[in-house]
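Below is one structure; the comments refer to it alone.
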Amino acid sequence: GSTTAEAGSTTAEAGSTTAEAALRPDQTMSANVASADAEAKPKRPAGKGRRKYPPKSAKAKEASRAKYLAKKLASGDELTEAQLAGVEELGGREAVLEREAKRKERAAALERAKADVKRDHPHQAYVSGLPASTTSEGGLAALRAEVPGVTHFVAVRDRQTDECRGFGFAVLDSQAALDALVALDGAEGLLGCEGALKVSAARKLMDPTKSRGDGDGAKPKPRRPRPPRKPKQAAAEDA
């Protein structure tokens, strides 16, 4: 009698499992569709579609290593032989800690400067589509003729050619003036533009009191020349 009862319970469990599988066909179908989509989706070749960052300079690598070693020294962690050798290359323990203290001081000063600009000049606009002949003085006069609330305008210039790079920043005295300037987005003929002027609220704020080398007689800073590019065919052969 007990054997028959056990067999009956086993048959009931098997039936319930079959019933559950029959009641969930959508889950099985969705899993099959997902696996089929994964197989059909082409794999991205290595190196394709990924953002390429320029390699770090020797100075940047040294600064990163000094920051890491200073953190290890400050925490009291035991350093490896390679890390101890790196500390000696940078001038010793005191030199590494002093370097990190100066870095933190510069970072704090930068944050204070950003906070000051956000407090004193919170209403700024990004203006693009400018011709190469645009100057800060000329741009300020032209924008003030349209929106009287413009207090500063800086045309960002190329350090080699000293020409406008096609964009600049305008500082305004109120949110209403900023809205009025942004309303000029798409206007043609302003600031000597051949096409439509593009105006939007600036995401990053700049300090209008700092000189950008426009109108102050400053010479353009020399830029490090880039190495010549290899032709595509030669680059493929080298690879």
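So for the sequence shown, our numbering puts the first residue at 347; every next one is plus one. Ideal Cβ positions, reconstructed from N, Cα and C, are used throughout, including at glycine. Note that the structure is a prediction, hence the values are computed from the model and not measured.
Coil, strand or helix - residue i by DSSP
i	result
Leu530	coil
Gly538	helix
Asp462	helix
Ser403	coil
Arg549	coil
Asp525	helix
Ser421	helix
Lys556	coil
Ser410	helix
Residues that residue i bridges to, as DSSP identifies them
i	result
His469	None; His469 has no bridge partner.
Leu544	The sequence shown places Lys at residue 544, not Leu. Its beta-bridge partners are Ser474.
Leu518	Val496
Arg503	Cys510
C-alpha distance - residue i paired with residue j, whole-angstrom precision
i	j	result
Ser474	Gln521	20 Å
Ala487	Lys550	23 Å
Asp508	Lys402	27 Å
Arg503	Thr426	48 Å
Asp562	Gln506	Interpretation of Asp562 is limited by its pLDDT of 42, a score under 50 that renders its predicted location unreliable; the figure taken from the coordinates is listed afterwards. Roughly 16 Å separates the two Cα atoms.
Val517	Gly485	12 Å
Glu408	Cys510	34 Å
Gly512	Ser421	48 Å
Glu435	Pro400	26 Å
Val463	Arg490	21 Å
Ala542	Gly535	7 Å
Limits of the unbroken alpha helix (DSSP H) element including residue i
i	result
Gly485	Ser482 to Glu492
Leu430	Glu427 to Glu435
Quick one: any contact between the stretch 486-498 and the stretch 433-445, if contact means 3 or more CB pairs under 8 Å? no
Count the C-beta pairs between the stretch 444-453 and the stretch 516-531 that are closer than 8 Å, then say yes if the count reaches three, no if not. no
Do the stretch 540-550 and the stretch 465-474 meet, that is, are 3 or more Cβ pairs less than 8 Å apart? yes
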